[in-house]
Amino acid sequence: MKKKLLALLLAVLTLSALSGCAAKPATPAPEAAKTEKIRIALVLPATVDDLAWGQSMVEGLKAVQNTMGKDKVEIATSEKLGNAVDAGSAIRQYATQGYDIIIAHGSQYQSVLTEITKDFPKTTFAYGTGFATQPNVFAYDPQAQEGGYLLGMLAALTTKTGIVGIVGPVESGDAVKYNYGVQQGVLKGKADVKTRTAYTGSFNDIVGAGNLAKTQMGAGADILTGSSQQAVGALRAVAETPGKYWLSTDMDQSSIAPDHVLAAQVYNWEKIVTKIIELRKKGTLGGQVLTLGFADGTIDLKYNPKLADKIPAEAKAAVEQAKKDIISGKLKVELPKK
Amino acid sequence: MNSDIIIIILATGIRLATPYLLAALGEMFVQRSGVYNLGVEGIMMMGAFAGFYATLQLGSPLLGIAASLAIGGLMGLIMALVSVTFKAEQGISGIGLYMFGWGLSGLLFRLYVGGITSIEGLKAIKIPLLSQIPFLGPVLFDHNMLVYTAFLLVPVTGFILFKTSWGLNVRAVGNKPEAADTLGVSVVRIRYQCLIVGGMLAGLAGAFLTLGQANMFADNITAGRGFIAIALVYFGRWSPWGILLGSLLFSLADSFQSMIQVLGINFPYELAVILPYIVTIVALAISYGRVWAPAALGKTFQRGTRG
């Protein structure tokens, strides 16, 4: 009996320790919420500071808050909810607490949302990357291949060894889209430059990503890139080796390796969230696919000013031209065939 | 494949084997004394964080290593308290320790560091002369100090376990604790010692990830390596040389599959990623001989009762 009690106690203790760091409890709805305050909840598979997918959305929400006023927008975040079942209960809780907009920031939340959203017809839900919508569910879809294409071109025209290395997470979803874009861009940039694509089989194994990056560099790659929250591990490995460079996606990662990140594909979530808020005000609670792309500025290319001299002038010119062509619709970056 | 590529595969395999080796050798002592500690993963995460944080604050990876040993030992002590003194079910206490370590390391990281921060980790030490040997030099003698430590620990732990009286006591306690007890060997003390040593080595394995590999910390940095280490103890039949073999087999297969992918050899990526697991399982399945385990493994010891 004593044994069982103890085990139970330990389990409860650890669970509380876990959940303590997993969820920042949302401040209970204040009575003053009557004053047109928009309450947004965000559910993340990884962390708010992953320097990738999750953090880019967090910063987008902060930007919305700064633009609209801190008293007008309330934000609550739950992180480390990679497990769809846990995420489901967090989403349901937020909906019950009366949040107006609930963003489930991952494609894995699609099926969880279908179960929940019908019970809360007045709440707006959003998730992505995805396509399937419901009357109160928005899906968002970053055209990761567009930035991948431009970065691939940049890599092909900048590499000295003629090899571009991709450190991928799992061969699915956004990673495939992004990598396919990079491959096409490299080919367009310089036909004899090789793209080498490898996957770790995980989204959050930063040590594994670092080791894969080391193998890529050992085998000759001098410009590397990769998506997902484990990418910082690969970037850190690149940053240890002089003459090797990184191209980041989702957000600008140059803060941790200012001398090694050449350029970044940056998602501008502020515009997407603002659009959701406006649509909701007009009475549209969902039902649309919101596309992120270069055309409307929801994706942008950012160069690292510190490394401007590492990119040949003709490379930058070619990339800028391709960017214009993507924006005007003249250039369409293909998606991988299913 | 030219020799440069083969050198990379072998050198990477040796590097990758290090955390498994450290954690598994520690767990070997624990299990030899009759306790299985499923909390290795959590201890590794705490060790990884302690090593990272001490290095960040104090500027020296050596102090980071010291911190990881201390925290690892402390985590082992907690496990000992719960599973030996309080006699809680070992499996459940281990899982509890794992979740505790995971949650706490993530929480401390969030509170005291805040975001992704990189550190100056351990540098590779080229062994003079030996690293000049063609082929073998870059494969074996161009690593950081924890890699050398892990491989040196194989004969050292083998000696301790099989040639010293303390090692004999550990084995006795893990096989026939009642007999050891009647001969005046303190079962409780030996198990405490083993859990603390095992915790220290798991902490060191974690520190290897942050100081010797990633040079940063992130939540769940171990990504399952602690559990693989436990499996490798079974694979290695509770012997240091068997654990060495298993660690190398798994890591070389891992390093090999990375290179296959990188070189674009036409091989499905899904298969490549699981190759290390397949190789290990197959090796385990075809290795013959009777499956031996410490007889009292997993049993709590209560003086005066039958085990």
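Line by line, the protein sequences give chains U and P. Using my numbering, you'd call the opening residue of the first sequence number 1 and step up by one each time. Using my numbering, you'd call the opening residue of the second sequence number 1001 and step up by one each time. For glycine and all other residues, C-beta sits at the position ideal for the given N, C-alpha and C.
Where do the N-terminal and C-terminal ends of the beta strand (DSSP E) with K302 of chain U fall, by residue?
Indexing the first sequence from 1 puts residue 302 of chain U at position 302. Segment I299 to Y303, the beta strand (DSSP E) holding K302 of chain U.
Below 7 Å CB to CB, which residues in the same chain sit around L1069 of chain P once its five sequence neighbours on both sides are set aside?
One-based indexing of the second sequence puts residue 1069 of chain P at position 69. If the five residues before and after L1069 of chain P are omitted, its C-beta is found closer than 7 Å to the C-beta atoms of M1200, G1203 and L1204, all from its own chain and listed in chain order.
So, does the stretch 1131-1143 of chain P touch the stretch 1075-1089 of chain P, judging by three or more C-beta pairs under 8 Å?
Taking 8 Å as the limit for Cβ pairs, the verdict is that the stretch 1075-1089 of chain P does not touch the stretch 1131-1143 of chain P.
Less than 8 Å between the CB atoms is what I'm expecting for G1101 of chain P and M1046 of chain P, so what's the real figure, rounded?
Residue 1101 of chain P sits at position 101 when you count from the first residue of the second sequence. Residue 1046 of chain P sits at position 46 when you count from the first residue of the second sequence. Between G1101 of chain P and M1046 of chain P a beta carbon distance of about 5 Å is seen, short of the 8 Å cut, so the two are scored as contacting.
Take E79 of chain U as the anchor and find which of P:A1048, P:S1239, P:L1107 and P:A1024 has the nearest alpha-carbon.
Indexing the first sequence from 1 puts residue 79 of chain U at position 79. Among P:A1048, P:S1239, P:L1107 and P:A1024, the Cα nearest to that of E79 of chain U is on P:L1107.
Could you tell me the alpha carbon to alpha carbon distance between G220 of chain U and A234 of chain U, rounded to whole angstroms?
Stepping through the first sequence from its first residue, residue 220 of chain U is reached at position 220. Stepping through the first sequence from its first residue, residue 234 of chain U is reached at position 234. When rounded, the distance between both Cα atoms is 15 Å.
In whole angstroms, what separates the C-alpha of E1270 of chain P from that of S172 of chain U?
By 1-based counting over the second sequence, the position of residue 1270 of chain P is 270. By 1-based counting over the first sequence, the position of residue 172 of chain U is 172. Going by the C-alpha atoms only, they are around 11 Å apart.
Any non-hydrogen atom of the ligand SAH closer than 7 Å to M217 of chain U Cβ
Among the components modelled here there is no ligand, and therefore nothing to report on the ligand SAH.
Hey, is N1220 of chain P's beta-carbon within less than 8 Å of any beta-carbon in chain U?
As a position in the second sequence, residue 1220 of chain P is number 220, starting the count at 1. Look at N1220 of chain P: its C-beta is under 8 Å from a C-beta on chain U.
Tell me which same chain residues have a C-beta within less than 7 Å of the C-beta of A29 of chain U, skipping the five on either side of it?
Taking the first sequence and counting its residues from 1, the one referred to as residue 29 of chain U is at position 29. Caution is warranted here: a pLDDT of 48 is assigned to A29 of chain U, below 50, making its placement in the model unreliable, and the coordinate value is therefore given only provisionally. Excluding the 5 residues flanking it on each side, A29 of chain U has same chain C-beta neighbours closer than 7 Å at Q97 and G98, in chain order.
Contact belief for G128 of chain U with V112 of chain U at Cβ below 8 Å, rounded distance in angstroms:
Along the first sequence, one-based indexing puts residue 128 of chain U at 128. Along the first sequence, one-based indexing puts residue 112 of chain U at 112. About 14 Å separates the two Cβ atoms, so there is no contact after all.
Straight-line CA distance for V1262 of chain P to V164 of chain U?
Here residue 1262 of chain P corresponds to residue number 262 of the second sequence, with the count starting at 1. Here residue 164 of chain U corresponds to residue number 164 of the first sequence, with the count starting at 1. When rounded, the distance between both Cα atoms is 10 Å.
Tell me the residue span of the alpha helix (DSSP H) that contains F1162 of chain P.
The residue given as residue 1162 of chain P occupies position 162 in the second sequence. F1162 of chain P: member of the alpha helix (DSSP H) spanning M1145 to K1163, first to last residue.
Apart from the five residues on each side of it in sequence, which residues of its chain come closer than 7 Å, Cβ to Cβ, to A969 of chain P?
Summary: the structure shown does not reach residue 969 of chain P, with chain P confined to residues 1001 through 1307, and so no result is reported for it.
S1255 of chain P, enclosing alpha helix (DSSP H) - first and last residue:
As a working note, residue 1255 of chain P is residue 255 in the second sequence. Bounds of the alpha helix (DSSP H) holding S1255 of chain P are P1240 to V1262.
Could you pull the DSSP bridge partners for V137 of chain U from this structure?
Taking the first sequence and counting its residues from 1, one reaches residue 137 of chain U at position 137. V137 of chain U is bridged to U:F125 and U:Q134.
Take F1330 of chain P and list the residues in its own chain whose beta-carbon comes closer than 6 Å to its own, dropping the five residues that flank it on each side.
The requested residue 1330 of chain P is not part of the displayed model; chain P covers only 1001 to 1307.
Keeping to the same chain, check which residues put their C-beta closer than 6 Å to that of T1300 of chain P; ignore five residues upstream and five downstream.
Counting from one through the second sequence, the residue named residue 1300 of chain P turns up at place 300. These residues qualify, in order along the chain: K1087.
When U:R39, U:G148 and U:F203 are compared against L61 of chain U, the one with the closest alpha-carbon:
The residue labelled residue 61 of chain U in the question sits at position 61 within the first sequence. The shortest Cα separation from L61 of chain U among U:R39, U:G148 and U:F203 belongs to U:R39.
Contact check, A1024 of chain P vs G1174 of chain P under 8 Å by CB: the rounded distance?
The count along the second sequence starts at 1 and reaches residue 1024 of chain P at position 24. The count along the second sequence starts at 1 and reaches residue 1174 of chain P at position 174. About 16 Å separates the Cβ atoms of A1024 of chain P and G1174 of chain P, ruling out a contact at the 8 Å cut-off.
Would you say D325 of chain U reaches chain P, if we count a Cβ-Cβ gap shorter than 8 Å as a contact?
Counted from its first residue, the first sequence places residue 325 of chain U at position 325. Put simply, the CB of D325 of chain U is far from chain P, with every gap to its CB atoms at 8 Å or more.
Helix, strand or coil at P1128 of chain P [DSSP, three-state]:
The residue labelled residue 1128 of chain P in the question sits at position 128 within the second sequence. Three-state result, P1128 of chain P: coil.
Assuming L1161 of chain P and V1170 of chain P are in contact, meaning their beta carbons sit under 8 Å apart, how far apart are those beta carbons, in whole angstroms?
The residue labelled residue 1161 of chain P in the question sits at position 161 within the second sequence. The residue labelled residue 1170 of chain P in the question sits at position 170 within the second sequence. Contact holds; Cβ gap of about 7 Å.
For a test of the three-state rule: what should DSSP assign to V1291 of chain P, helix, strand or coil?
Translated into positions along the second sequence, residue 1291 of chain P becomes position 291. If DSSP states are grouped into helix, strand and coil, V1291 of chain P belongs with coil.
So who's on the other strand from L279 of chain U, going by DSSP bridges?
On the first sequence, residue 279 of chain U is found 279 positions in, with the first residue counted as 1. Answer is none; L279 of chain U lacks a bridge partner.
C-alpha distance - A95 of chain U paired with F120 of chain U, whole-angstrom precision:
What you label residue 95 of chain U is simply residue 95 of the first sequence in a count that begins at 1. What you label residue 120 of chain U is simply residue 120 of the first sequence in a count that begins at 1. Answer to the nearest angstrom: the Cα atoms are 7 Å apart.
For a quick check, are the C-beta atoms of A257 of chain U and R236 of chain U less than 8 Å apart?
To locate residue 257 of chain U, count along the first sequence from 1; it is residue 257. To locate residue 236 of chain U, count along the first sequence from 1; it is residue 236. With a cutoff of 8 Å on beta-carbon distance, A257 of chain U and R236 of chain U are scored as near each other.
Could you tell me the distance, in whole angstroms, from the CA atom of I1286 of chain P to the CA atom of F1235 of chain P?
Taking the second sequence and counting its residues from 1, the one referred to as residue 1286 of chain P is at position 286. Taking the second sequence and counting its residues from 1, the one referred to as residue 1235 of chain P is at position 235. Those two C-alpha atoms are separated by around 11 Å.
One question on the structure: do M1028 of chain P and P1240 of chain P come within less than 8 Å of each other, judged by their Cβ atoms?
On the second sequence, position 28 is the one that residue 1028 of chain P refers to. On the second sequence, position 240 is the one that residue 1240 of chain P refers to. Contact flag set, yes.
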